[in-house]
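S.K.: Here's a structure for you.
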Amino acid sequence: RHPKTWLYVREKEIPRFARLIEAKPVESGENVTVLIPDDDGVFYMSDGGTMRDHRMACTNAVQTYVDSYHAGGRGEEAADALLEQRLKPQWKDKGLKM
9 RHPKTWLYVR EKEIPRFARL IEAKPVESGE NVTVLIPDDD GVFYMSDGGT
59 MRDHRMACTN AVQTYVDSYH AGGRGEEAAD ALLEQRLKPQ WKDKGLKM
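In structure tokens form, the structure reads like this:
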């Protein structure tokens with residue numbers, strides 16, 4: 009069984025995204041679900057797509073944490089890993105107390 013991935017993609021970026029991941033539409037058994045956000049708030053303070061043309065901007069780590077935590081399945085475990093491995097170290101570097 010393949011894991012399923014949910015992603016936010018701006019509507020105008022869907023053709024580029026589909027090319028980058030070589031997506032193929034299927035009737036059932038999909039392993040990627042694209043969500044078009046109502047507004048760009050989910051991309052607030054995103055990483056900016058720092059790896060040239062082969063990388064699109066992704067959501068801020070806090071947005072990813074919240075979405076993962078509420079996703080069900082192993083999402084809470086993934087959220088906890090993100091919290092420990094990325095968010096807490098960033099907060100510590102900025103002098104924030106946890």
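In terms of this note's numbering, the sequence shown opens at residue 9 and continues consecutively.
Beta carbons: idealized from backbone N, C-alpha and C, even for Gly.
Check each candidate in Lys20, Ile44 and Glu30 and name the one with the smallest Cα separation from Trp14.
M.R.: For this step, residue 14 is matched to residue 6 along the sequence shown. The candidate whose alpha carbon is nearest that of Trp14 is Ile44.
S.K.: Expressed to the nearest angstrom, what Euclidean distance is found between the alpha-carbon atoms of Val70 and Gly80?
M.R.: Here residue 70 corresponds to residue number 62 of the sequence shown, with the count starting at 1. Here residue 80 corresponds to residue number 72 of the sequence shown, with the count starting at 1. Looking at the two C-alpha atoms, the distance is approximately 17 Å.
S.K.: Can you grab the Cα-Cα spacing for the pair Lys20 / Val50, in whole Å?
M.R.: Locating residue 20 in the sequence shown gives position 12, counting from the first residue. Locating residue 50 in the sequence shown gives position 42, counting from the first residue. Distance between the alpha carbons of Lys20 and Val50: 15 Å.
S.K.: Which one or two residues does DSSP pair with Leu90 in a beta bridge?
M.R.: Residue 90 sits at position 82 when you count from the first residue of the sequence shown. DSSP, once it has assigned bridges, lists no residue as partnering Leu90.
S.K.: Taking just the CA atoms, how far does Pro23 sit from Ser173?
M.R.: The structure shown does not extend to residue 173, since the chain is modelled only from 9 to 106, so the question has no answer here.
S.K.: Quick one: using the 10 Å Cβ neighbour count with 16 as the cut-off for buried, is Tyr52 buried or exposed?
M.R.: Here residue 52 corresponds to residue number 44 of the sequence shown, with the count starting at 1. Tyr52 should be labelled exposed.
S.K.: Taking 8 Å as the limit between beta carbons, can you name the residues of its chain near Val17, skipping five residues before and five after?
M.R.: By one-based count along the sequence shown, residue 17 stands at place 9. For Val17, where only same-chain residues beyond five positions count, the Cβ hits under 8 Å are Phe25, Val42, Leu43, Ile44 and Met64.
S.K.: With 16 other CB atoms within 10 Å as the buried threshold, where does Ala31 fall?
M.R.: In the sequence shown, the residue the question calls residue 31 occupies position 23. Label assigned to Ala31: exposed.
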